[in-house]
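Residue numbers (our numbering), protein chains in the order written: chain L, 289 to 469; chain W, 289 to 469; chain E, 289 to 469; chain Z, 289 to 469. Structure first, commentary second.
There are 4 protein chains.
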Amino acid sequence: MVIGDARTRILDAAEELFAGGGYEATPTAVIAKLAEVPKGLLFHYFPKKIDVLVALVDERTLVEETREVDAVPGDPAGTLSRLARRLPLRASPAMRRILFREADTHGSVKDRLGRLNGELIRRSRFALELALPGARGENARLEVAAATFAAVLLYQENLCQLTGHQIDPDAVAELIAHSLV
Amino acid sequence: MVIGDARTRILDAAEELFAGGGYEATPTAVIAKLAEVPKGLLFHYFPKKIDVLVALVDERTLVEETREVDAVPGDPAGTLSRLARRLPLRASPAMRRILFREADTHGSVKDRLGRLNGELIRRSRFALELALPGARGENARLEVAAATFAAVLLYQENLCQLTGHQIDPDAVAELIAHSLV
Amino acid sequence: MVIGDARTRILDAAEELFAGGGYEATPTAVIAKLAEVPKGLLFHYFPKKIDVLVALVDERTLVEETREVDAVPGDPAGTLSRLARRLPLRASPAMRRILFREADTHGSVKDRLGRLNGELIRRSRFALELALPGARGENARLEVAAATFAAVLLYQENLCQLTGHQIDPDAVAELIAHSLV
Amino acid sequence: MVIGDARTRILDAAEELFAGGGYEATPTAVIAKLAEVPKGLLFHYFPKKIDVLVALVDERTLVEETREVDAVPGDPAGTLSRLARRLPLRASPAMRRILFREADTHGSVKDRLGRLNGELIRRSRFALELALPGARGENARLEVAAATFAAVLLYQENLCQLTGHQIDPDAVAELIAHSLV
DNA sequence: CATGAATGAGCTTTCATTCAT
DNA sequence: TATGAATGAAAGCTCATTCAT
Numbered sequence: 289m290v291i292g293d294a295r296t297r298i299l300d301a302a303e304e305l306f307a308g309g310g311y312e313a314t315p316t317a318v319i320a321k322l323a324e325v326p327k328g329l330l331f332h333y334f335p336k337k338i339d340v341l342v343a344l345v346d347e348r349t350l351v352e353e354t355r356e357v358d359a360v361p362g363d364p365a366g367t368l369s370r371l372a373r374r375l376p377l378r379a380s381p382a383m384r385r386i387l388f389r390e391a392d393t394h395g396s397v398k399d400r401l402g403r404l405n406g407e408l409i410r411r412s413r414f415a416l417e418l419a420l421p422g423a424r425g426e427n428a429r430l431e432v433a434a435a436t437f438a439a440v441l442l443y444q445e446n447l448c449q450l451t452g453h454q455i456d457p458d459a460v461a462e463l464i465a466h467s468l469v
Numbered sequence: 289m290v291i292g293d294a295r296t297r298i299l300d301a302a303e304e305l306f307a308g309g310g311y312e313a314t315p316t317a318v319i320a321k322l323a324e325v326p327k328g329l330l331f332h333y334f335p336k337k338i339d340v341l342v343a344l345v346d347e348r349t350l351v352e353e354t355r356e357v358d359a360v361p362g363d364p365a366g367t368l369s370r371l372a373r374r375l376p377l378r379a380s381p382a383m384r385r386i387l388f389r390e391a392d393t394h395g396s397v398k399d400r401l402g403r404l405n406g407e408l409i410r411r412s413r414f415a416l417e418l419a420l421p422g423a424r425g426e427n428a429r430l431e432v433a434a435a436t437f438a439a440v441l442l443y444q445e446n447l448c449q450l451t452g453h454q455i456d457p458d459a460v461a462e463l464i465a466h467s468l469v
Numbered sequence: 289m290v291i292g293d294a295r296t297r298i299l300d301a302a303e304e305l306f307a308g309g310g311y312e313a314t315p316t317a318v319i320a321k322l323a324e325v326p327k328g329l330l331f332h333y334f335p336k337k338i339d340v341l342v343a344l345v346d347e348r349t350l351v352e353e354t355r356e357v358d359a360v361p362g363d364p365a366g367t368l369s370r371l372a373r374r375l376p377l378r379a380s381p382a383m384r385r386i387l388f389r390e391a392d393t394h395g396s397v398k399d400r401l402g403r404l405n406g407e408l409i410r411r412s413r414f415a416l417e418l419a420l421p422g423a424r425g426e427n428a429r430l431e432v433a434a435a436t437f438a439a440v441l442l443y444q445e446n447l448c449q450l451t452g453h454q455i456d457p458d459a460v461a462e463l464i465a466h467s468l469v
Numbered sequence: 289m290v291i292g293d294a295r296t297r298i299l300d301a302a303e304e305l306f307a308g309g310g311y312e313a314t315p316t317a318v319i320a321k322l323a324e325v326p327k328g329l330l331f332h333y334f335p336k337k338i339d340v341l342v343a344l345v346d347e348r349t350l351v352e353e354t355r356e357v358d359a360v361p362g363d364p365a366g367t368l369s370r371l372a373r374r375l376p377l378r379a380s381p382a383m384r385r386i387l388f389r390e391a392d393t394h395g396s397v398k399d400r401l402g403r404l405n406g407e408l409i410r411r412s413r414f415a416l417e418l419a420l421p422g423a424r425g426e427n428a429r430l431e432v433a434a435a436t437f438a439a440v441l442l443y444q445e446n447l448c449q450l451t452g453h454q455i456d457p458d459a460v461a462e463l464i465a466h467s468l469v
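Okay, structure coming up:
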């Protein structure tokens with residue numbers, strides 16, 4: 289039973305395969321087969337193989353760049369914790385893997401990842417500002433705290449798969465909050 | 289002017305190319321050409337392409353697993369800073385890229401990376417214990433602090449290339465130190 | 289002037305070349321060239337080289353396994369002679385060579401050859417039973433006679449090419465008939 | 289523990305490997321490895337790969353071409369049976385396989401096989417003449433009987449491995465003897 | 001004699017991409 | 001829009017053979 293139209297099925301297949309074996313190691317023929325689509329049709333929708341990856345990133349990842357942060361003044365730890373629970377990244381676990389893994393393969397992927405990182409720092413920073421109204425003046429320290437928290441969140445998204453080590457964001461949130469009092 | 293024996297030149301070439309374009313995207317013929325070595329000789333030394341990568345990681349990266357840490361009691365920030373300046377990883381910048389980039393390609397690379405991560409955490413933890421003799425009992429907090437610092441260090445090694453954002457380890461060291469008092 | 293579709297031409301070429309120089313000594317590139325087909329297309333139809341040989345045996349040899357034998361009661365010699373003239377093997381001379389020569393190369397070839405041998409014995413046996421109604425009880429002698437005749441027929445098909453010696457099946461038919469009276 | 293000198297070990301290894309996988313499919317490097325001999329030495333003794341096969345056939349197969357036949361007048365069946373038990377071929381089972389399998393590979397192998405066949409026919413013929421003094425005149429029938437018996441003996445040596453069917457030479461001897469009375 | 005690094009042509013196979021239908 | 005046969009460059013790898021030491 290085939291689900292979705294051809295183009296969607298191609299992207300579904302590519303998402304699964306790129307996440308599994310990587311972009312370079314995935315032949316277009318295999319994508320077409322898994323998508324139950326003739327090889328020719330794949331190149332009808334995506335003239336070059338790289339276009340599949342670009343479309344995937346374009347259409348299946350979204351870095352939410354918004355101003356709203358769910359911050360509670362006086363509770364920096366809780367604020368960061370909540371931020372960690374709702375990363376500004378709309379993407380399946382497979383797409384997340386692709387984002388980190390293929391950042392070298394094409395500029396558009398790197399872009400997305402850079403934007404995610406930037407947004408994470410901005411949010412952390414903004415959240416801390418709101419949660420700690422008294423810390424307004426300490427720009428440098430807030431900056432470092434935000435970057436550290438962002439680094440830990442990205443570590444969770446990516447490196448922990450490679451290193452096998454997990455970090456509890458809530459505990460890090462508390463640590464950072466404690467450092468800013 | 290040819291430098292070094294054939295095997296070394298092959299590894300030199302591979303190191304450069306894998307770091308540049310990635311393992312999958314680097315044909316063995318190109319490695320051989322850059323090494324000024326006939327294609328056949330490459331397979332004389334490395335029967336499978338993957339063996340080149342494995343040899344590179346085996347022979348050109350070393351995770352120093354030692355007990356010694358340059359810790360100063362009462363100065364956790366300085367202690368962490370010094371630790372950041374001497375990562376327990378003996379490897380060229382190219383090999384460092386390879387280590388992170390190809391962690392999915394072969395188990396042996398992932399292994400190395402995992403070991404590096406483990407060693408970073410262990411050292412950070414140990415350094416903090418020595419620098420903060422009074423914190424002995426707070427296992428959980430020390431653990432989180434160590435993991436956070438390790439995450440930032442790995443971020444510096446890897447993610448900052450992808451995201452274009454740098455973190456100052458010294459500042460993070462101070463932040464963490466401050467959080468533990 | 290190209291005759292037949294690509295797949296057929298590939299098999300035609302392979303049949304000729306395998307019969308001539310043997311499977312192992314025939315490069316796929318030479319098959320493709322003789323078939324006037326690009327190398328890639330060969331692997332489109334036959335993903336592995338061995339698949340060409342298997343397809344050849346599957347599609348171009350047929351061991352007829354039937355119950356009908358053209359037997360004349362009272363004339364065992366003539367009956368065997370006629371049997372020798374219509375071997376239960378539908379295959380070109382080239383395919384016959386391949387069948388014997390490559391029996392070690394792949395199980396499917398050996399299989400075919402084994403089936404041919406079995407059918408030859410079965411038919412010889414059945415023919416003799418019909419031609420010599422009085423010999424019903426002498427199972428063992430009929431068995432040996434059938435096996436001997438089959439051996440001679442296969443010798444004619446195969447070994448005589450290697451040894452340069454021919455045997456006249458008619459004369460053997462008479463010899464065997466004479467031995468059974 | 290290494291047995292025999294280098295040249296002998298090379299031939300031992302080649303005999304085993306050629307019998308197992310065939311001449312074409314056996315790389316010289318594998319022969320050298322099994323012989324525990326450096327690759328270069330193999331080519332010192334045998335400048336071309338084919339020389340190994342030729343030497344094997346030359347030195348490890350012997351077709352005994354003699355006039356003596358252990359014949360008992362009046363007992364053609366027993367005479368043939370004894371002949372079957374002592375084939376005029378001095379060669380290991382492995383060399384026997386090689387002889388049949390590689391007959392296409394080099395003329396010298398085909399030669400040997402042709403000579404074996406000729407000798408088998410000659411002996412069978414001679415044996416029948418001695419065992420049946422009264423059959424002197426019947427040249428044609430003796431010829432056919434001898435060729436048939438030789439065919440069965442070669443079938444036993446070669447084809448039965450491919451077809452999985454065995455023939456009892458003693459029973460064939462009796463059949464032939466019976467046909468000549 | 002002994003050694004194994006060196007050589008390069010050639011092998012099977014892969015793959016992105018095209019194109020006639 | 002849909003199809004899969006067609007294409008050929010290039011990939012990884014093999015292998016007989018050479019040769020300096």
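Even glycine gets a Cβ: it sits at the ideal position worked out from N, Cα and C.
The C-alpha of Z:T451 lies about 20 Å from the C-alpha of E:R374. Looking at the DSSP output, L:L377 shares a beta bridge with L:V351.
Among the CB atoms of chain L, one or more fall inside 8 Å of the CB of W:T436. Looking only at E:F306, E:R389, E:A438, the smallest Cα-Cα distance to E:L408 is reached by E:A438. For Z:N405, a Cβ of chain E is located within less than 8 Å of the residue's own Cβ. Identification of chain E residues near Z:T451 by a Cβ-Cβ cut-off of 7 Å yields L401, G402, N405, ordered along the chain. For the set Z:L344, Z:Y311, Z:A301, the Cα lying nearest the Cα of Z:V325 is the one of Z:A301.
Counting only Cβ-Cβ distances below 7 Å, E:A439 has contacts in chain Z at A439, V440, Y443, I455, in chain order. For Z:Q449, the uninterrupted alpha helix (DSSP H) segment begins and ends at 448-451.
Contact of L:V460 with chain W is assigned, a C-beta pair being separated by under 8 Å. Of all alpha-carbon atoms in L:A461, L:L441, L:R295, L:L463, the one lying nearest the alpha-carbon of L:A323 is that of L:R295.
Taking 8 Å as the threshold, the shortest C-beta distance from E:V345 to chain Z does not fall below it. Under the three-state reduction of DSSP, E:D458 is assigned to helix. Only residues of its own chain outside the window of five on either side were considered, and among them V357, A359, T367, L368, L371 have a CB closer than 7 Å to the CB of Z:A415, listed in chain order. The DSSP-derived three-state label of Z:H394 is coil. Contact between Z:S467 and E:L341 is ruled out by a C-beta separation of about 40 Å, above the 8 Å threshold. The C-beta distance from W:A307 to W:R385 rounds to 4 Å, short enough to meet the 8 Å contact threshold.
With respect to W:T436, L:V460 sits close: the two C-beta atoms are nearer than 8 Å. Residue environment for L:T354: exposed (fewer than 16 other C-beta atoms within 10 angstroms of its C-beta). Around the CB of L:E303, 16 or more other CB atoms lie within 10 Å, so the residue is classed as buried. Boundaries of the alpha helix (DSSP H) harbouring L:V440: 427-442, taken from the DSSP string. In the three-state reduction of the DSSP assignment, Z:F334 falls in the coil class. W:T367 sits in a helix when the DSSP states are folded into three classes. In the structure shown, the three-state DSSP call for Z:E324 is coil. For E:S412, no CB of chain Z lies under 8 Å from its own CB, so it is not counted at the interface with that chain.
Under the Cβ distance rule, L:R389 counts among the residues neighbouring chain W, one pair being separated by less than 8 Å. Contact annotation for W:D392 against chain L: G310, R389, L450 [CB-CB distance below 8 Å, chain order]. The residues R378, in chain order, have a CB closer than 6 Å to that of Z:L350 in the same chain once the five nearest residues on each side in sequence are set aside.
The Cβ of E:H466 sits closer than 8 Å to at least one Cβ of chain Z. For L:G422, there is no enclosing alpha helix (DSSP H), as DSSP marks it with neither H nor E.
The continuous alpha helix (DSSP H) containing W:T296 extends over residues 294-309. Between L:V357 and chain W, the shortest Cβ-Cβ separation is not below 8 Å.
For W:L447, the nearest beta carbon of chain L is closer than 8 Å to its own beta carbon.
Secondary structure at W:V345: helix, using DSSP grouped into helix, strand and coil.
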